[in-house]
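**Q** In terms of the working numbering, the sequence shown is residues -12 to 271.
Even for Gly, the Cβ is constructed at its ideal location relative to N, Cα and C.
Quantities reported herein were computed from a predicted structural model and do not represent experimental measurements.
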Amino acid sequence: MRLNNGRRMAFSGFQLTPMIKIILIANVGIFFLQQMLPNILEQWGAFNVRLAVNQFQVWRFVTYMFLHGGFSHIMWNMLGVWIFGTQIEALWGQRTFLIYYFVCGIGGSILYGIFALAGVGGGWMLGASGALMGLLLAYGMSFPNNVVFLMGFIPIKAKYLVVLYGLMDLLSIPKGDGIAHLAHLGGLLAGFIFIQATIPGLSGQMFRGSAISSMWKGARAKRRMKVVRPDFKPRNNTADPGFHNHGEDKDQKRIDLILDKISRDGLQSLTDEEQELLRKAGRK
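(1) If you draw a straight line from the alpha carbon of Glu263 to that of Ser256, how long is it in whole angstroms?
(2) Suppose only complete runs of 3+ residues qualify. What are the beta strand (DSSP E) ranges in the region 95 to 141, listed by chain order?
(3) Suppose you measure from the CA of Gly56 to the CA of Gly114; what does that come to, to the nearest Å?
(4) Buried or exposed, going by whether 16 or more other CB atoms sit within 10 Å of the CB of Gly127?
(5) Quick one: is Val149 buried, meaning 16 or more other Cβ sit within 10 Å of its Cβ, or exposed?
(6) DSSP beta-bridge partners for Ile143?
(7) Start and end of the alpha helix (DSSP H) containing Gly63?
(8) Helix, strand or coil, according to DSSP, for Phe34 in the structure here?
(9) Less than 8 Å between the beta carbons of Ile7 and Glu76, yes or no?
(10) Look at the alpha carbon of Gly165 and the alpha carbon of Leu265, and state the distance between them as a whole number of angstroms.
(11) Decide yes or no for the touch test of the region 119 to 133 against the region 170 to 186: beta carbon pairs closer than 8 Å, at least 3 of them.
(12) Short check: CB of Gly109 to CB of Val36, under 8 Å?
(13) Quick check: the region 79 to 88 against the region 24 to 31, are at least 3 beta-carbon pairs closer than 8 Å?
(14) Please report the distance separating the alpha-carbon of Phe58 from that of Lys240.
(15) In chain order, what residues of the same chain have a beta carbon less than 7 Å from the beta carbon of Gln2, not counting five sequence neighbours either side?
(16) Determine the DSSP secondary structure at Ala167, reduced to helix, strand or coil.
(17) Relative to the C-alpha of Ile9, which candidate in Ala184, Ser116, Ala39 and Gln81 has its C-alpha closest?
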């Protein structure tokens, strides 16, 4: 489904990719078990940093992702996993997607636990929201200009939705409203690190051509400006205002082609040479 301006909608069908289907079935099945065995599964699998660290119950870093606190809790989480996860799995492939999903979920519990040990927040935590925030980040980076309907009727580009939710979670930490905002941020952070380590060029596509991108490039340009003496003579022609680095343009064109290839065929389609070029670009 496409809008008149050519931008795709976030939700474009009822397809269920293999890993998304397994995740949905696992979460819904465990939720029904929670209703049949009140408190037992929560006490065994919900995240509590004291039990997870002090008593070495490390499974809690993962199991909390499959437990939910009520029907609305699991409904919205699974809806988000379905909407954003299907396209990321189709783009990245089953194996990479599943690894990413768990990295984001575990990252959420780790950040939540670190702050809990420091006396910020704490208590019991459950839900797939950390992993879901990671999927939202991946979606915003992969399809930045796709339109998502916030609250069902407010159109917003995916890249701005990521920023909005991230800021809301960051500003909501002091509220103590019973929501694990730190776990959400942990999922975003873990997802960002994963993407930077595997496809670093992807993050640069998110705000390309936007006002944010122009501001960032301007700030970088100011940092690179130098004051020199009037009689200063450059050692080579790279300081000549008329000099143009054709090598960099060529590399950028290759990177754009590689990113298009990722969008079309997935990460697994890249050659070793293409992966190395992306890694080099990410380090610049």
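**A** In terms of the structure at hand:
(1) 14 Å
(2) 134 to 137
(3) 7 Å
(4) buried
(5) buried
(6) Val135
(7) The residue asked about is misnamed: residue 63 is Trp in this sequence, not Gly. Phe58 to Trp79 is the extent of the alpha helix (DSSP H) around Trp63.
(8) strand
(9) yes
(10) 41 Å
(11) yes
(12) yes
(13) no
(14) 48 Å
(15) Thr73
(16) coil
(17) Gln81
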